[in-house]
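Everything below concerns the one structure shown next.
Structure, rendered in structure tokens:
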């Protein structure tokens with residue numbers, strides 16, 4: 169993926185420095201609704217490795233945390249040129265994520281359903297978090313403004329479908 173880096177840190181301060189560095193390199197631009205609109209998703213993956221010795225055997229545990237800040241869906245009517253192209257890419261990525269969420273919610277209801285994670289980089293990256301042996305939390309941001317009623321309704325619908333995803337409790341592999 170474009171701009172992807174892999175860095176080792178040994179403290180929370182070093183990790184926060186990387187988060188800040190990533191935030192500064194995030195693509196933003198002016199749109200009809202927002203002067204500094206995020207024009208890309210942001211993904212921060214943290215892998216934590218812990219080791220302990222028991223009876224002379226070294227046990228290693230790996231944990232992975234994905235922090236994803238999705239770019240908001242775009243009304244393409246107010247966009248032109250580069251912003252229109254970016255908005256279309258954002259909407260396509262969000263649509264692919266919604267398709268995966270819908271498929272996983274149907275699987276949770278006992279329906280036989282193929283879950284196509286390969287339609288976007290985002291869903292492929294999140295495959296284990298969305299449908300694997302994991303715990304996943306979703307925070308949906310909405311606006312109280314009546315002018316964003318449709319976007320708020322859409323976001324709440326997405327969150328409702330995500331909540332329908334049920335799986336066995338995460339366990340140690």
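Residue numbers (this note's numbering): 169 to 341.
Virtual Cβ for every residue (Gly too), placed ideally from N, Cα, C.
These numbers come from a predicted model, not from an experiment.
- In the three-state scheme derived from DSSP, where H, G and I count as helix and E and B as strand, residue 223 is classed as coil.
- Excluding its 5 nearest sequence neighbours in each direction, residue 272 has C-beta neighbours in its own chain below 7 Å: 283, 298, 299 and 333, listed in chain order.
- Residue 174 carries a coil assignment under DSSP once its states are collapsed to helix, strand and coil.
- Here residue 227 is exposed: its Cβ has fewer than 16 other Cβ atoms, across all protein chains shown, within 10 Å.
- The criterion of a C-beta distance shorter than 8 Å is satisfied by residue 190 and residue 212.
- Judged by beta-carbon spacing, residue 262 lies within the 8 Å limit of residue 238, meaning their Cβ atoms are closer than that value.
- Residue 304 and residue 249 have their C-alpha atoms some 36 Å from each other.
- Just measuring C-alpha positions, the residue of 285, 230, 278 and 251 sitting nearest residue 203 is 251.
- Of the candidates 323, 255 and 327, the residue whose Cα lies closest to the Cα of residue 198 is 255.
- Taking all protein chains shown into account, residue 216 has fewer than 16 neighbouring C-beta atoms within 10 Å of its C-beta and is therefore exposed.
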